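Down below is the structure, laid out as structure tokens.
Protein chains in written order, with the numbering used here: chain G, 7 to 85; chain F, 59 to 542.
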């Protein structure tokens, strides 16, 4: 692996109800509401693409069990 | 994700919540909760703790009435949904019947603090082995945002549109503080879902509560201050502000009690529901053959009426047992007031050759009346050419001074005298049964042996009374033979 892996959230757009809790919770302000709407007619939370520290705050404030995952790379000492 | 299993950690939906939530409609990957609702957050915390403590296969979740009524859509464990406010009672039953179960009751403020307040306090006071998650959002959410016991003073809801007025509607109910007065609870904490920090603290409390259940130590109670953006009508910042600056002022977020180190696991007697034990308790003899009645005779209906305490119901039972012992179809149908002694009491017994449709007896063949008011009230229910047997102390009655149909035979029996002579005045109702036995001696319905068997059955728990009652039975029959 050439570049260092960074944490990132995966947001399932059709499971978002636009409550904005994750956007408001994110200390790094790296989430925003989309301009598009999802299948249910909600704007949905989107990751801006950088800034995620893998703190998991967005996951824990999200009321929808299936809407957000946070992927955090493990540190590999041999890398 | 699986590709990267060894190189990354993923924070995601716990295993103890289902992968989808099938129900009416196609939207099965989203919860049924409103946007921004606290229930989903708490569901995830509970699911995560179930995973971490590896207790999923021991868990039973009790859903209430309220928004979280469909808890069983989400929690992948045992689920029961109960009547409004009754979750602690049902949880008690499950916890006591299944000692190894980790029982959680999930209730809102309307459910727990209003209609279910008594159950909640009693279950806490008994120190039941249950974890209660009390979701407090200050309103009745499901029904449209009415005032709840926990609505803040001055808070507007659809049923207090100028704000809750304590002079009219009282003050918000503090459940943690209330329960903290009790001796039994092991753990009581109030947490909040206001922001990421408080949510993480809430998870610690959930884990504590479920660890106490895993160790079987007793009652734990967690009050969760939870957002209801729909009914408090605020946006995401407004909701956090409400939780932190209004709710938490009235309901301080803190740990009230943690006795998990001091308390030992609760040991309860093991319930024995084996067939053998139940048969013994109910006196079931499985060697007896059960056959459907096929004899052909008209249903024979008896009404026994009197005051409570006169043996009205037990007389009926004796007759029913008598018929049972001869393999007849039989029903015994009691009706009585709330009084242990002195209220009116009656029962109807139907003896039949074929299956009985209804145990209700409107018109009877025989009326046994133990006192005057009952005799006068029920005499008209005896069919034409039927028989009335009554305690002669009620007075002299005949077709002229009693409301009866044509041809009814009215027989006063000095039942008390007969029974007293044998040595037990309380057996007087058996004397009347003796008279009935004598009257029916030529009918194919019941033999004299059947009556004796009925008495043996009825007094099985008090064997000393069997012989004397059989004597009184014979004496009653003898009296009828000699006097009528």
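A virtual CB, placed ideally from N, CA and C, is assigned to each residue, including glycine.
Being a predicted model, the structure only gives us computed values, none of them experimental.
Please list, in chain order, all residues of the same chain as residue i whose beta carbon is under 6 Å from its beta carbon, the five residues on each side excluded.
i	result
residue 181 of chain F	146 and 150
residue 82 of chain F	none
residue 418 of chain F	none
residue 449 of chain F	428 and 473
residue 67 of chain G	27, 28 and 31
residue 533 of chain F	476 and 480
residue 56 of chain F	Nothing in the structure corresponds to residue 56 of chain F, since chain F is present only between 59 and 542.
residue 545 of chain F	Limits of chain F in this structure are 59 at one end and 542 at the other, which puts residue 545 of chain F out of reach.
residue 173 of chain F	142 and 143
residue 515 of chain F	379
residue 62 of chain G	76
residue 89 of chain F	98
residue 11 of chain G	79
residue 45 of chain G	20
residue 60 of chain F	Residue confidence is low: residue 60 of chain F scores 45 on pLDDT, short of 50, so the model does not pin down where it sits. Its coordinate-derived value is still stated next. Closer than 6 Å at Cβ, skipping near neighbours: no residue.
residue 486 of chain F	473, 474 and 477
Let's see if you can read the secondary structure: which residues bound the alpha helix (DSSP H) around residue i?
i	result
residue 5 of chain F	In the structure as shown, chain F starts at 59 and stops at 542, and residue 5 of chain F therefore has no counterpart that could be examined.
residue 404 of chain F	Looking at the DSSP string, residue 404 of chain F is not in any alpha helix (DSSP H); the run it does join, the beta strand (DSSP E), is 402 to 410.
residue 541 of chain F	522 to 541
residue 184 of chain F	175 to 184
residue 507 of chain F	506 to 516
residue 427 of chain F	Run containing residue 427 of chain F: none in the alpha helix (DSSP H); it sits in the beta strand (DSSP E), 422 to 427.
residue 331 of chain F	No alpha helix (DSSP H) contains residue 331 of chain F, which DSSP labels as neither H nor E.
residue 268 of chain F	254 to 272
residue 69 of chain G	Careful: residue 69 of chain G lies outside any alpha helix (DSSP H) and carries neither H nor E.
residue 377 of chain F	370 to 383
residue 295 of chain F	294 to 299
Using the Cβ count rule (16 or more neighbours within 10 Å means buried), how would you classify residue i?
i	result
residue 358 of chain F	buried
residue 264 of chain F	buried
residue 332 of chain F	exposed
residue 431 of chain F	exposed
residue 219 of chain F	exposed
residue 167 of chain F	buried
residue 453 of chain F	exposed
residue 285 of chain F	buried
residue 502 of chain F	exposed
residue 226 of chain F	exposed
residue 70 of chain G	buried
residue 65 of chain G	buried
residue 122 of chain F	buried
residue 15 of chain G	buried
residue 347 of chain F	exposed
residue 362 of chain F	buried
Per DSSP, residue i is paired with what?
i	result
residue 323 of chain F	Answer by DSSP bridge pairing: none, since residue 323 of chain F is not bridged.
residue 218 of chain F	F:215
residue 136 of chain F	F:118
residue 49 of chain G	G:43
residue 108 of chain F	Answer is none; residue 108 of chain F lacks a bridge partner.
residue 152 of chain F	Paired residue(s): none; residue 152 of chain F is not in a bridge.
residue 359 of chain F	F:408
residue 75 of chain G	G:16
residue 471 of chain F	F:449
residue 205 of chain F	F:197
residue 240 of chain F	In DSSP, residue 240 of chain F forms no bridge with anything.
residue 38 of chain G	G:52
residue 281 of chain F	F:192 and F:248
Hey, residue i and residue j are a contact pair by Cβ (cut 8 Å); roughly how many whole angstroms apart?
i	j	result
residue 531 of chain F	residue 497 of chain F	Rounded, the Cβ-Cβ distance is 13 Å, inconsistent with contact.
residue 54 of chain G	residue 37 of chain G	7 Å
residue 339 of chain F	residue 271 of chain F	At roughly 31 Å, the Cβ-Cβ gap does not stay under 8 Å, so residue 339 of chain F and residue 271 of chain F are not in contact.
residue 17 of chain G	residue 48 of chain G	That pair is no contact at about 12 Å.
residue 492 of chain F	residue 535 of chain F	4 Å
residue 282 of chain F	residue 191 of chain F	6 Å
residue 445 of chain F	residue 424 of chain F	5 Å
residue 412 of chain F	residue 506 of chain F	Not a contact, Cβ separation roughly 24 Å.
What span of residues does the beta strand (DSSP E) with residue i cover, start to end?
i	result
residue 82 of chain F	It is not in any beta strand (DSSP E) - residue 82 of chain F carries neither H nor E in the DSSP assignment.
residue 163 of chain F	160 to 166
residue 192 of chain F	188 to 194
residue 444 of chain F	440 to 449
residue 434 of chain F	Note, residue 434 of chain F: premise wrong, no beta strand (DSSP E); alpha helix (DSSP H) at 430 to 436.
residue 245 of chain F	245 to 250
residue 391 of chain F	387 to 394
residue 316 of chain F	313 to 316
Between which residues of its own chain and residue i is the CB-CB distance below 7 Å, once the five residues before and five after are set aside?
i	result
residue 13 of chain G	58, 59, 60, 76, 77, 78 and 79
residue 376 of chain F	491, 512, 513 and 516
Which same chain residues, not among the five before or five after residue i, have their C-beta less than 8 Å away from its C-beta?
i	result
residue 365 of chain F	399, 400, 401, 402, 403, 428, 429 and 432
residue 224 of chain F	211
residue 266 of chain F	245, 247, 278, 316 and 318
List the residues of chain A that residue i touches, going by C-beta distances under 7 Å, in chain order.
i	result
residue 72 of chain G	Given the protein chain composition of this structure (G and F), no chain A is represented.
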